[in-house]
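Read through the structure below, which is laid out as structure tokens, and then see the notes.
Residue numbers (UniProt numbering): 1 to 209.
What follows is the structure, encoded as structure tokens:
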């Protein structure tokens, strides 16, 4: 029997620590007026999503969970997602989250591989420039698919920097940093880029920060 949509939503939101729940509400502000979300509790956010996205509230939640690095919850609650998430490795019955070391609220990768430890340090402009210098012509694909940025904003960045590819990527990363605010950490960017086809040196750089 399919899980009740509202009950599943509430379980997902209750599994989020407060900081990540606030991140989820921040991402929802693009489609739902901020005034409705600002003081909304977990049950109230469930009600709002069920009203705004009838039949699609779980898919919308899964999209945002992916952006904030909680792929484990997508798998645990079997949430629908346009792009399939790899299955857990054998030995994890009933889709339960595998045991990992470190902070259990930091999220982890599919396949039972622990995510990098949470690094509370925010990325600096120098850090972002190091990444920008190594990110190539696939920057727009990375921005849309893995950083969750709008195509129109990336086109604007390209127009503003027609002759400097490094500055285009740098401005894109700054846009992501502004959106993520205090969560723009090396571990968060690493979680976004690990699924992208980027130079492995970028991943090594972020891991070592």
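All residues carry an ideal CB built from backbone N, CA and C; glycine is no exception. Here the structure is a predicted model, which means the values were calculated and not measured.
- For residue 169, the enclosing alpha helix (DSSP H) begins and ends at 165-180.
- Across the set 206, 134, 16, the C-alpha of 134 shows the shortest separation from the C-alpha of residue 198.
- Take residue 79, set aside five residues on each side of it, and the residues of its chain with a beta-carbon closer than 6 Å to its own are 58, 62, in chain order.
- Shown here for residue 73: same chain residues with a beta carbon closer than 7 Å to its own, the five before and five after excluded, namely 12, 15, 65 in chain order.
- Burial check for residue 181: the Cβ neighbour count within 10 Å stays below 16, so the residue is exposed.
- Rounded to the nearest whole angstrom, the C-alpha separation of residue 193 and residue 173 is 12 Å.
- In the same chain as residue 167, and ignoring 5 residues on each side of it, the C-beta atoms closer than 8 Å to its own belong to 132, 161, in chain order.
- Judged by DSSP secondary structure, residue 200 falls within the alpha helix (DSSP H) whose first and last residues are 200-207.
- The beta carbon of residue 190 lies closer than 8 Å to those of 116, 203, 206, 207 in the same chain, with the five residues before and after it left out.
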